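Report on the following structure.
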Amino acid sequence: MEKRVVPLTALRDGETGIITSVKAGYGRGRRRGGFGVEKRLMDMGLTPGTKVTVVKSAPFHGPLEILVRGSRLALGRGIAEKIFVEVER
Amino acid sequence: MSKGKLLIALAGNANVGKSVIFNYLTGLHQHIGNWPGKTVEKAEGTLHFKGYTIDIIDLPGIYSLSTYSLEELISRRYIAVEKPDVVINVVDASILERNLYFTLQLMELETPMVIALNQMDVASRKGIRIDVDKLERLLGVPVIPTVAVKGVGIFRLLEKAIEVVEEKHIVKHAPIRFGLEIEERILKLTKMVENLKLQYPSRYVAIKLLEGDEEVKEEVLRLNPEIVAVAKKLAEEIEKIHGHSCSTVIVAERYEIAGRIAREVQTLVPSIKPKLEERLHNLTTHKVAGYAIMAFSLLTIFYSVFTIGGYVSDLLNELFYTVEPFFYNLLGVGAVGKLIWSIIEGVIAGITIALPYIVPFYIILYFLEDSGYLSRIAFLMDNIMHKIGLHGKAFIPLILGYGCNVPACLGCRIMETERERILAVFVTTLVPCAARTVIILGLVGKYLGIGYALALYIFNLAIVFILGRLAFKTLPGEPTALIMEMHDYKWPHLKTVLKQTWFRLFEFIKIAFPLIILGSFAIKLIEVFGLLELVALALSPITVAWLGLPLITGVTLIFGVLRKELTLIMLATLLETENFTEVPGFGPIQMVVFTIVTMFYIPCISTIAALVKEIGWRKALFITVFEILFAVMLGGLAFRILTLISIK
Numbered sequence: 001m002e003k004r005v006v007p008l009t010a011l012r013d014g015e016t017g018i019i020t021s022v023k024a025g026y027g028r029g030r031r032r033g034g035f036g037v038e039k040r041l042m043d044m045g046l047t048p049g050t051k052v053t054v055v056k057s058a059p060f061h062g063p064l065e066i067l068v069r070g071s072r073l074a075l076g077r078g079i080a081e082k083i084f085v086e087v088e089r
Numbered sequence: 001m002s003k004g005k006l007l008i009a010l011a012g013n014a015n016v017g018k019s020v021i022f023n024y025l026t027g028l029h030q031h032i033g034n035w036p037g038k039t040v041e042k043a044e045g046t047l048h049f050k051g052y053t054i055d056i057i058d059l060p061g062i063y064s065l066s067t068y069s070l071e072e073l074i075s076r077r078y079i080a081v082e083k084p085d086v087v088i089n090v091v092d093a094s095i096l097e098r099n100l101y102f103t104l105q106l107m108e109l110e111t112p113m114v115i116a117l118n119q120m121d122v123a124s125r126k127g128i129r130i131d132v133d134k135l136e137r138l139l140g141v142p143v144i145p146t147v148a149v150k151g152v153g154i155f156r157l158l159e160k161a162i163e164v165v166e167e168k169h170i171v172k173h174a175p176i177r178f179g180l181e182i183e184e185r186i187l188k189l190t191k192m193v194e195n196l197k198l199q200y201p202s203r204y205v206a207i208k209l210l211e212g213d214e215e216v217k218e219e220v221l222r223l224n225p226e227i228v229a230v231a232k233k234l235a236e237e238i239e240k241i242h243g244h245s246c247s248t249v250i251v252a253e254r255y256e257i258a259g260r261i262a263r264e265v266q267t268l269v270p271s272i273k274p275k276l277e278e279r280l281h282n283l284t285t286h287k288v289a290g291y292a293i294m295a296f297s298l299l300t301i302f303y304s305v306f307t308i309g310g311y312v313s314d315l316l317n318e319l320f321y322t323v324e325p326f327f328y329n330l331l332g333v334g335a336v337g338k339l340i341w342s343i344i345e346g347v348i349a350g351i352t353i354a355l356p357y358i359v360p361f362y363i364i365l366y367f368l369e370d371s372g373y374l375s376r377i378a379f380l381m382d383n384i385m386h387k388i389g390l391h392g393k394a395f396i397p398l399i400l401g402y403g404c405n406v407p408a409c410l411g412c413r414i415m416e417t418e419r420e421r422i423l424a425v426f427v428t429t430l431v432p433c434a435a436r437t438v439i440i441l442g443l444v445g446k447y448l449g450i451g452y453a454l455a456l457y458i459f460n461l462a463i464v465f466i467l468g469r470l471a472f473k474t475l476p477g478e479p480t481a482l483i484m485e486m487h488d489y490k491w492p493h494l495k496t497v498l499k500q501t502w503f504r505l506f507e508f509i510k511i512a513f514p515l516i517i518l519g520s521f522a523i524k525l526i527e528v529f530g531l532l533e534l535v536a537l538a539l540s541p542i543t544v545a546w547l548g549l550p551l552i553t554g555v556t557l558i559f560g561v562l563r564k565e566l567t568l569i570m571l572a573t574l575l576e577t578e579n580f581t582e583v584p585g586f587g588p589i590q591m592v593v594f595t596i597v598t599m600f601y602i603p604c605i606s607t608i609a610a611l612v613k614e615i616g617w618r619k620a621l622f623i624t625v626f627e628i629l630f631a632v633m634l635g636g637l638a639f640r641i642l643t644l645i646s647i648k
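Residue numbers (this note's numbering), protein chains in the order written: chain D, 1 to 89; chain P, 1 to 648.
Now the structure itself:
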């Protein structure tokens, strides 16, 4: 078993990882500021150090279903790729 | 004995039962409108309790008080500026950690508050026991356990809220402290901003400055730019210590606190109920069964809304038009009679569209949303919808648009951000509704064959796709990626669903009826004064010269603004024939061009009203004008291309 850092999308169904970083960037910003996607992810509880379990993903390269902090979220694949997690394999 | 007025705000995450509590408290004394100058819905209600007249505001369901969305900004400003006497924070007991994250932010705003620990029944079914007293102690905020759908605890909640106001005690929330290295810097900033007289509490401003909150930063920048520079430096220091951006560190710590409190007050016991919700979730998001169930549900919904709607609509129509002869007997068929009848006709049009289609659609939509199925459909469809730049949730209004654009546009309310809502309504207005289908099938399908009608449908889909993508690319703002909670399935609270339907319907009627009546009156005015020919002539540069259509179509296109199917019906009436092939100058090409123009040229007047309700006057007008120009351009091009092809 060794620890590896991979994007969330690389997890197999049912696998759990610990978030190391989120590289969604701050975006070009909305007209009245705001932090865009990264801030939103943080607000939904996807902060570094948090355990995330991938349940499954929707067909046709659709969003991921994940479990985080006791609730179930749907996460677009595009942003899931920018969340990096540490797994033991 | 009247003790005066109170202002209570309800705040909390989405889907925690906030609107159920709101409906429970306010009954039929509510008003649903928009926040001034915004397209975010504002629900207000009044209630009399213990001698007080209490105004209740239901703030939008949100997960945070940052500036991610307009909803968050509005809620935050409302609490800080309007200073409600007390905020009732509705918390889902079954997802305590996430909900407490929001609670902690409310506490940072230093507002007097009471927590409604809702869905206690769901929590206990999931095997979660909560020590309410301990939670109260840890937060320093009164906590009342509730089961809103059954009305349990609501009375006590209200009593507690009043108690908090009457005691007038200075807010004494338990101190929520971040890590030492952050606290130090918050303290430093707090001292600096104390004299600025901002609408937010000083500590809150300090925290937000460290988080890099744009709104707060801008405000402080105006008063004292030096502080912002200091805050930036302090934030960088924190970033160096932790290796993550300062805002990430603060959010993570806040979540840590929320998690710690949740773990301290929760005891987990084996859940009593077999996980029916879980199985239902797995089934409805399954890669095969999920789509099958979705297709079946949507077909059922579509079919029932439009058969029931159609039936009721026809019935009402017939009923109303039996009055027509009596009416003309009474007032005569002169100009005055005709004009007054046009007003009545407008009302009839409004009623026959609004009631039969919008009512069942609203009910079903709220049902889907409250139960949690809507988020599963969004999950399944998100990827496909993203190709036209839409959120997965937009699939439902879009599909319903094939029946009638009016409820479909109103349904775009479910979109989370304004940008998504504008995109969704725009695309929805391009979808051929039942009335446009009548024209496609009744003209092209009947005279040119079903293949051509189908081709037009496919053409429409292509246009929807292209324009959708174009709008997606050009509309300012960041495209929102899907980050959506899929809460556990639950049985919707029927009373809340019905009340939501009723008040939103009422809101629509207020906008739509004057518009429809005005439109119908204006057109009748033109007709009565014999100006139809003149209008047709005035439009001839477009209709005849550019589109290659017969002169008379100018008139029918005007009538189509009221109801799209009128374009065809009027054509038959004006030409005094049901067989359009006999009409000179109205060959296959003209039929196709005419259909293309009707398909896109303007959302009908009821749809415009729905647009106004959802995205405001300016944007509604913009979409309308754009679609007129677009349809005319497209029709003209089609005419030339088709002529070219047929010559060869």
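All C-beta atoms in this analysis are idealised placements derived from N, C-alpha and C, irrespective of residue type, glycine included. Every value quoted in this text rests on a predicted model; they were computed, and no experiment measured them.
Collapsing the DSSP output to three states places Ser69/P in coil. Just measuring C-alpha positions, the residue of Thr595/P, Ile641/P and Lys619/P sitting nearest Ala631/P is Thr595/P. Contacts with chain P at 9 Å (Cβ-Cβ) do not include Arg12/D.
Along the length of the region 297–350 of chain P, whole alpha helix (DSSP H) runs at least 4 residues long occupy 323–331, reported in chain order.
Pairing Val22/D with Lys490/P, the inter-Cα distance amounts to about 32 Å. By the neighbour-count criterion, in which 16 or more other beta carbons inside 10 Å mark a residue as buried, Met633/P falls on the exposed side. For the C-beta of Asp382/P, the chain D residues within less than 8 Å are, from N- to C-terminus, Ala58, Gly62, Pro63, Ala74 and Gly76. Where Met44/D is concerned, there is no enclosing alpha helix (DSSP H), because DSSP gives it neither an H nor an E. Rounded to whole angstroms, the separation of the alpha carbons of Val37/D and Leu75/D is 11 Å. At a cut-off of 9 Å between beta carbons, Lys18/P makes no contact with chain D. Per DSSP, Asp133/P lies in no beta strand (DSSP E); the unbroken alpha helix (DSSP H) holding it starts and ends at Val132 to Leu139. Scanning Gly389/P, Arg421/P, Pro476/P and Ile526/P for the CA closest to the CA of Gly468/P turns up Gly389/P. A straight-line Cα-Cα distance of about 29 Å links Val81/P and Glu256/P. One thing to note: Ile79/P has its Cβ within 9 Å of the Cβ of Thr111/P. For Met113/P, no alpha helix (DSSP H) run applies; the uninterrupted beta strand (DSSP E) run containing it begins and ends at Met113 to Asn118, by DSSP. When the beta-carbon positions are compared, Gly45/D and Tyr101/P come within less than 9 Å of each other.
By the beta-carbon neighbour count (other beta carbons within 10 angstroms, threshold 16), Ile466/P is exposed. C-alpha of Arg40/D to C-alpha of Gly530/P: approximately 60 Å in a straight line. Here Glu578/P is exposed: its Cβ has fewer than 16 other Cβ atoms, across all protein chains shown, within 10 Å.
In this structure the region 550–565 of chain P lies against the region 584–600 of chain P, because at least three pairs of beta carbons, one per stretch, are closer than 8 Å. When DSSP reads this structure, Tyr52/P sits in a beta bridge with Gly4/P and Phe49/P. Val288/P counts as exposed, since fewer than 16 other beta carbons sit within 10 angstroms of its beta carbon. In the DSSP assignment, Ala74/D falls outside any alpha helix (DSSP H) and lies within the beta strand (DSSP E) extending over Ser71 to Leu75.
Residues of the region 467–492 of chain P with a C-beta atom less than 7 Å from some C-beta of chain D are Pro476, Gly477, Glu478, Ala481, Leu482, Ile483, Met484, Glu485 and Met486, listed in chain order. Assignment of Phe529/P by DSSP, reduced to helix, strand and coil, places it in the coil class.
Interface residue (Cβ-Cβ distance to chain D less than 9 Å): Gly392/P is classified as such. With 16 or more neighbouring CB atoms inside 10 Å of its own CB, Asp488/P falls in the buried class. Per DSSP, Thr103/P is one residue of the alpha helix (DSSP H) stretching across Leu96 to Glu108. In this structure Asp55/P is in contact with Glu44/P, their Cβ atoms being roughly 7 Å apart against a cut-off of 8 Å. For Asn34/P, the three-state secondary structure derived from DSSP is strand. Excluding sequence positions up to five before and after Pro360/P, its CB lies within less than 8 Å of the CB of Ser304, Val305, Ile308 and Gly309, all in the same chain and listed in chain order. In the structure shown, Leu28/P adopts coil according to DSSP, grouped into three states.
Per DSSP, reduced to three states, the secondary structure at Asn405/P is helical. DSSP places Lys499/P in the helix class (H, G or I) of the three-state scheme. Per the DSSP secondary-structure output, Leu482/P pairs with nothing in a beta bridge.
Within 10 angstroms of the beta-carbon of Arg203/P lie 16 or more other beta-carbons, which makes it buried.
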